[in-house]
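Residue numbers (our numbering): 702 to 908.
1. Rounded to a whole number of angstroms, what is the C-alpha to C-alpha distance between residue 710 and residue 716?
2. Relative to the C-alpha of residue 783, which candidate in 857, 752, 769 and 762 has its C-alpha closest?
3. Would you call the CB atoms of residue 659 and residue 820 closer than 8 Å?
4. Quick check on the burial criterion: 16 or more other C-beta atoms within 10 angstroms. Buried or exposed for residue 847?
5. Using three-state DSSP, classify residue 721 as helix, strand or coil.
6. Excluding the five sequence neighbours on either side, which residues of its own chain have a C-beta within less than 8 Å of the C-beta of residue 805, listed in chain order?
7. Can you check the segment 764-819 for any alpha helix (DSSP H) of at least 4 residues that lies completely inside it and give the ranges in chain order?
8. Cα separation between residue 839 and residue 766?
9. Applying the 10 Å Cβ sphere with the 16-neighbour rule, what's the burial state of residue 862?
10. At which residues does the alpha helix (DSSP H) containing residue 828 begin and terminate?
11. Closer than 8 Å by C-beta to residue 764: which residues in its own chain qualify, once you throw out the five before and the five after it? Chain order, please.
12. Let's test the definition: count the other Cβ atoms within 10 Å of the Cβ of residue 801 and tell me whether it reaches 16, buried, or not, exposed.
13. How many Å lie between residue 851 and residue 726 at the Cα?
14. Which whole runs of the alpha helix (DSSP H) in the segment 832-865 are 4 residues long or more, in chain order?
15. DSSP puts residue 821 in a beta bridge; with which residues?
16. With 16 other CB atoms within 10 Å as the buried threshold, where does residue 776 fall?
17. Which same chain residues, not among the five before or five after residue 758, have their C-beta less than 7 Å away from its C-beta?
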């Protein structure tokens, strides 16, 4: 990007700098997709009070839809991991734990989606409340966010620690189970199980 003699806050000067504008346009055309460009044009990434009124309403509606999709995707991701556990682990107590967490996850997912939809009444108040011209009620979004985050974190911790319970400590050649005599840790899993579980945790590290 070329250097500009304009101050960062001098919008008139920046808009008149043709060399800078051409470079910015070329950069956006080369690196931004249509999907990215349209939300930016509507106002994503900008101060809400710097946008035209119609754009604010549109952005809040898009955000409302995105929240619902986010809640659905998060729930389905957890469900897919639990189903994977059920496919490779055969311990009866472990499978019962998985089914319990699966029910909790699905119930929480449904509640999360409904909470997003009905946090405001009428529902449209979620994207029209900002102008003060519409009548409606709106719940405490901050409290709901903290509660949802806490439950999500708790479920994530459960999913991370469930496979750890399948580790088996062995002390070859010793009847005494004292830790001083236990020199190796083995897994009572097949190779397929070990590879599958390792991939789950590697995916988590990448994300």
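Don't be surprised by glycine CBs; every beta carbon is placed ideally from N, CA and C.
On the basis of the coordinates in this document:
1. Whole-angstrom Cα-Cα distance: 11 Å.
2. 857
3. Absent from the model: residue 659. The displayed extent of the chain is 702 to 908, so no value can be given.
4. exposed
5. helix
6. 856
7. 793-819
8. 17 Å
9. exposed
10. For residue 828, the enclosing alpha helix (DSSP H) starts and ends at 826-829.
11. 828
12. exposed
13. 42 Å
14. 842-862
15. 839
16. Burial call: buried.
17. 828 and 829
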